[in-house]
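Single-structure report; data block below.
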Amino acid sequence: MALIRLTDVTIAFDGVAAVERVNLAVERGEYLVVVGENGSGKSTLVRAMLGLVRPKSGRIAYGDGLKKDQIGYLPQQTVVQRDFPASVEEVVLSGCVNRLGRRMAFGAGERARAAEKMRMMDVERLRAKPYRTLSGGQQQRVLLARALCATDSVLLLDEPVTGLDPDAAEELYAVVRALNRDHGVAIVMVSHDLHGAVRDAGRVLVMNRGVDFLGAPAEYLRRFERRVRA
Amino acid sequence: MARALAEFLGRKGGRARTIAVCGALLAALLALVLGNLPALAEMGAYLQYKFIQRALIVGALVALCAALLGVVLVLKRYSMIGDGLSHVGFGALTVAVSLGAVTAENLPAFLPEGFRQTAASLCAGISQSPLALTLAVVVICAVLLLRLSRSSRMRGDAAIALISTSALALGVIVTSTASGMNIDVYNYMFGSILAMSDADVVLSVALSVVVLAAFIALYPRIFSVTFDESFARATGLNAGFYNLTIAVLTAVTIVVGMRIMGTMLISSLIIFPALTSMRVFSRFRAVMISSAIVSVVCLLTGIMLSCLTSLPAGAGIVAVNLVAFAAFSLVGALRG
């Protein structure tokens, strides 16, 4: 059974369809890259999988032991975060908020989990550093550690390399690749950067309100090669 | 000397030293007011008075609530909500007080006698303890403002300006008709430590305790919603509920605090300590703790200043906050 299954999903804003009749299944351990032009509905699709926007029609089901609030999410950075006073540890720990249940404060379990994810993302030595003083690449790894606190099985990344320099982008791809291969975390990545993203993907989804293409990267490159080159 | 201080605050072990310097700055501020003995003796005499005790207790609690909420409001770019709600508070307060002029005789004669009696005693009750009505109105407006600012048709800041100026205008109209612009209105606008009755004190303490308890109980969730609302919602937090909670708690804090601070100046109690603390500290918990301390110290200093110099309390507190802001900015700048 798929982790996330979308059946005939249509999403509309003010009566205009942003996503139309999409059928998609995100399988355990896979690496799916979602590409498409601006306004093609790729970010909206991811936000729908997270329950942040409600589909006008169709169904989104979570299976294979995945609960709706246990998806790791790496959102696009907001203006608020850029000068937000918080330490790396505080940011990562906030990813455990879905484990609080009815409790008021984080316990030793959550702290250990946060420490483990910081080690995985190699940001442990930054734990007491202010988040706003980190480089773009470091910030993304901190936010990845936070997302990993929230999930064991699936990460949704919304344009993760936007604003990163080429080296930092390359490093981020390596980290995501390792998460997918070594830890079996399913990846759904929305991306503008066609070269870098598609290289690691197991499947590529091209959005154009509906599903324009869904298949292997080799097939995608053959069909869309001219556009990728440009 | 600036260079020596900059070195003293420099990188290694900077944290403890920063805290020490900030603490010393605040202590110096307090000492500036209490420093000379005659003033201290005079202050001691003032402390005997019940109204000073009331003002200090309620003031300290309100300062604490405002400081904690302020950090969240400033970071969420909601600072103007405090200002807007305080104007609504002014409108509601003047209406509530003016209801005291309503008697069974001056209600329309076609109403049944019993109804007129009840209405008159209800109005008298409201004007006796006007905080209750004010609280209800301001909380409703807080919810309304949040709704308005989320709808795409009207920008959030525009919606706040619309509601707050309307409420202010209503307050001025009602006061002018009922009693004219008198000393009471002056006190509402600029604050007075004489304004609290015993009933007000009980209500204020109870409300402050509720705000503090709610804040502590929800701390990790409030952090999450403030830092990243999308992520918080994706991990199952009902962000709308927490935004609403923050707005309602802000409304309560403003109503409780505006008698001392004045409606024109209460919003400074919310934004100043947060901005001051963020000049120096860059961890969320540190900013919170620093805000709470800065806020309470500045408020107590301001009230004492206003006792000794007969200035309006609100203005004195804002002035002290400004000094603290400048001092913390200096520390932040020297640390680089």
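Order-wise, the sequence lines are chains A and B.
Going from the first sequence to our numbering is simple: count from 1 and add 35.
Going from the second sequence to our numbering is simple: count from 1 and add 47.
Cβ coordinates follow ideal geometry from the N, Cα and C atoms, glycine included.
Here the structure is a predicted model, which is why all the values come from computation and not from measurement.
Measure from the alpha carbon of residue 151/B to the alpha carbon of each residue in 145/B, 90/B and 160/B, then state which is nearest.
For the purposes of this step, residue 151/B is taken as residue 104 along the second sequence, with counting starting at 1. If we check each option's Cα against that of residue 151/B, 160/B comes out closest.
Please report the residue range of the beta strand (DSSP E) in which residue 290/B lies.
The count along the second sequence starts at 1 and reaches residue 290/B at position 243. Taken as a continuous stretch (DSSP letters only), residue 290/B belongs to no beta strand (DSSP E), being part of the alpha helix (DSSP H) at 286 to 308.
Report the partner residues of residue 266/A according to the DSSP bridge assignment.
A question about residue 266/A goes unanswered here, because the residues of chain A that appear run from 36 up to 265.
Considering Cα atoms alone, identify which of 259/A, 110/A, 75/A and 40/A is closest to residue 246/A.
Along the first sequence, read from residue 1 onward, the residue named residue 246/A stands at position 211. That would be 75/A, whose Cα lies nearest to the Cα of residue 246/A.
Do residue 375/B and residue 327/B have their C-beta atoms within less than 8 Å of each other?
In the second sequence, the residue the question calls residue 375/B occupies position 328. In the second sequence, the residue the question calls residue 327/B occupies position 280. A contact, by the Cβ cut-off of 8 Å.
Can you list, in chain order, the residues of its chain with a C-beta nearer than 6 Å to that of residue 380/B? Leave out the 5 residues immediately preceding and following it.
Sequence index remark: in the second sequence, residue 380/B carries index 333 (1-based). Cβ within range, chain order: n/a, list empty.
Provide the residue(s) that pair with residue 190/A in DSSP beta bridges, ordered along the chain.
Sequence index remark: in the first sequence, residue 190/A carries index 155 (1-based). Paired residue(s): 107/A and 222/A.
When you compare only the Cα positions, how much space is there between residue 304/B and residue 110/B?
The residue you call residue 304/B lines up with position 257 of the second sequence. The residue you call residue 110/B lines up with position 63 of the second sequence. Their Cα atoms are separated by approximately 8 Å.
Could you tell me whether any Cβ in chain A is nearer than 8 Å to the Cβ of residue 58/B?
What you label residue 58/B is simply residue 11 of the second sequence in a count that begins at 1. The predicted model places residue 58/B with a pLDDT of 47, which falls under 50 and marks its position as unreliable; any figure quoted below should be read in that light. By this cut-off, residue 58/B is not an interface position.
Is the beta carbon of residue 189/A sitting closer than 8 Å to the one on residue 95/A?
Start at 1 with the first residue of the first sequence, and residue 189/A comes out as number 154. Start at 1 with the first residue of the first sequence, and residue 95/A comes out as number 60. It is not a contact, given that the beta carbons lie outside the stated cut-off.
Any idea if residue 118/B is buried or exposed, counting beta-carbon neighbours within 10 angstroms, 16 or more meaning buried?
Translated into positions along the second sequence, residue 118/B becomes position 71. Looking at its Cβ environment, which holds 16 or more other Cβ atoms inside 10 Å, residue 118/B is buried.
Span of the alpha helix (DSSP H) holding residue 113/B?
Position 66 of the second sequence, counted from the start, is the residue given in the question as residue 113/B. That run of the alpha helix (DSSP H) goes 97 to 122.
Helix, strand or coil for residue 55/A? Go by DSSP, reduced to three states.
As a first step, residue 55/A must be located in the first sequence, where it is residue number 20. Strand, per DSSP.
What did DSSP end up calling residue 228/A once you bin it into helix, strand or coil?
Here residue 228/A corresponds to residue number 193 of the first sequence, with the count starting at 1. Correct three-state label for residue 228/A: coil.
Which whole-angstrom value is the C-beta distance of residue 172/A and residue 199/A, which I expect to be below 8 Å?
Translated into the one-based positions of the first sequence, residue 172/A becomes position 137. Translated into the one-based positions of the first sequence, residue 199/A becomes position 164. That belief holds up - the Cβ atoms of residue 172/A and residue 199/A are roughly 6 Å apart, short of 8 Å.
What distance in whole Å lies between the Cβ atoms of residue 235/B and residue 310/B, which are believed to be in contact at a cut-off of 8 Å?
Here residue 310/B is taken as the residue at index 263 of the second sequence, counted from 1. Here residue 235/B is taken as the residue at index 188 of the second sequence, counted from 1. The pair is a contact, with the Cβ atoms about 6 Å apart (cut-off 8 Å).
Is there a Cβ from chain B that is less than 8 Å from the Cβ of residue 132/A?
Mapped onto the first sequence, residue 132/A falls at position 97. Yes, contact with chain B.
Quick check on the burial criterion: 16 or more other C-beta atoms within 10 angstroms. Buried or exposed for residue 368/B?
Within the second sequence, numbered from 1, the residue matching residue 368/B stands at position 321. Label assigned to residue 368/B: buried.
Please classify residue 66/A: does DSSP put it in a helix, a strand, or coil?
In the first sequence, residue 66/A corresponds to position 31, counting from 1. In the structure shown, residue 66/A sits in a strand (DSSP, three-state: E or B).
Does the contact criterion of 3 or more C-beta pairs under 8 Å hold for the stretch 96 to 106 of chain B versus the stretch 346 to 364 of chain B?
Flag = yes, the stretch 96 to 106 of chain B and the stretch 346 to 364 of chain B touch.
On a Cα-Cα basis, can you pick out the residue from 329/B, 294/B, 312/B and 325/B that is closest to residue 125/B?
Taking the second sequence and counting its residues from 1, one reaches residue 125/B at position 78. The shortest Cα separation from residue 125/B among 329/B, 294/B, 312/B and 325/B belongs to 294/B.
Ignore the nearest five residues each way along the sequence and tell me which others in residue 123/B's own chain have a CB closer than 7 Å to its CB.
Mapped onto the second sequence, residue 123/B falls at position 76. Cβ within range, chain order: 273.
Rounding to the nearest angstrom, what Cα-Cα distance links residue 188/B and residue 132/B in this structure?
One-based indexing of the second sequence puts residue 188/B at position 141. One-based indexing of the second sequence puts residue 132/B at position 85. Near 7 Å, if we compare the C-alpha coordinates of residue 132/B and residue 188/B.
Using C-beta distances below 7 Å, list every residue in its chain close to residue 47/A, excluding the 5 sequence neighbours before and after it, in chain order.
Against the first sequence, residue 47/A aligns to sequence position 12. Cβ neighbours of residue 47/A beyond the five flanking positions: 53 and 91.
Please confirm if residue 264/B has its CB atom under 8 Å from at least one CB of chain A.
Locating residue 264/B in the second sequence gives position 217, where the first residue counts as 1. Yes, residue 264/B counts as interfacial toward chain A.
Quick one: list the residues of chain B neighbouring residue 122/A, beta-carbon separation under 9 Å, in chain order.
Position 87 of the first sequence holds residue 122/A. Here the neighbours are 329, 330, 331, 332 and 333.
So the beta strand (DSSP E) residue 97/A belongs to, where does it begin and stop?
One-based indexing of the first sequence puts residue 97/A at position 62. Residue 97/A -> beta strand (DSSP E) spans 92 to 97.
Is there a Cβ of chain B sitting closer than 8 Å to that of residue 171/A, yes or no?
Counting from 1 along the first sequence, the entry for residue 171/A is found at position 136. No - not a single Cβ of chain B is within 8 Å of the one on residue 171/A.
Within 10 angstroms of its Cβ, does residue 216/A collect 16 or more other Cβ (buried), or is it exposed?
Position 181 of the first sequence, counting from 1, holds the residue named residue 216/A. With fewer than 16 other Cβ atoms within 10 Å, it is exposed.
Would residue 226/A pass as an interface residue toward chain D - the criterion being a Cβ-Cβ separation below 8 Å?
Protein chains A and B are contained in the structure displayed, whereas chain D is not.
First and last residue of the alpha helix (DSSP H) that includes residue 328/B?
Indexing the second sequence from 1 puts residue 328/B at position 281. Premise fails: residue 328/B is in no alpha helix (DSSP H) and is neither H nor E.
Out of curiosity, what's the CA-to-CA distance linking residue 108/B and residue 271/B?
In the second sequence, residue 108/B corresponds to position 61, counting from 1. In the second sequence, residue 271/B corresponds to position 224, counting from 1. If you take the alpha carbons of residue 108/B and residue 271/B, they lie about 25 Å apart.
Measure from the alpha carbon of residue 217/B to the alpha carbon of each residue in 336/B, 143/B and 120/B, then state which is nearest.
For the purposes of this step, residue 217/B is taken as residue 170 along the second sequence, with counting starting at 1. Of the listed residues, the one whose Cα sits closest to residue 217/B is 143/B.
When the Cα atoms are used, what is the spatial distance from residue 59/B to residue 211/B?
Taking the second sequence and counting its residues from 1, the one referred to as residue 59/B is at position 12. Taking the second sequence and counting its residues from 1, the one referred to as residue 211/B is at position 164. Summary for residue 59/B: the model assigns pLDDT 48, below 50, so the residue's position carries little reliability, and this model does not support an answer.
Are the beta-carbon atoms of residue 156/A and residue 162/A separated by less than 8 Å?
Residue mapping note: residue 156/A aligns to position 121 of the first sequence, counting from 1. Residue mapping note: residue 162/A aligns to position 127 of the first sequence, counting from 1. Contact: no.
Between which two residues does the alpha helix (DSSP H) holding residue 270/B run?
The sequence position of residue 270/B within the second sequence is 223, counting from 1. Unbroken alpha helix (DSSP H) run through residue 270/B: 266 to 274.
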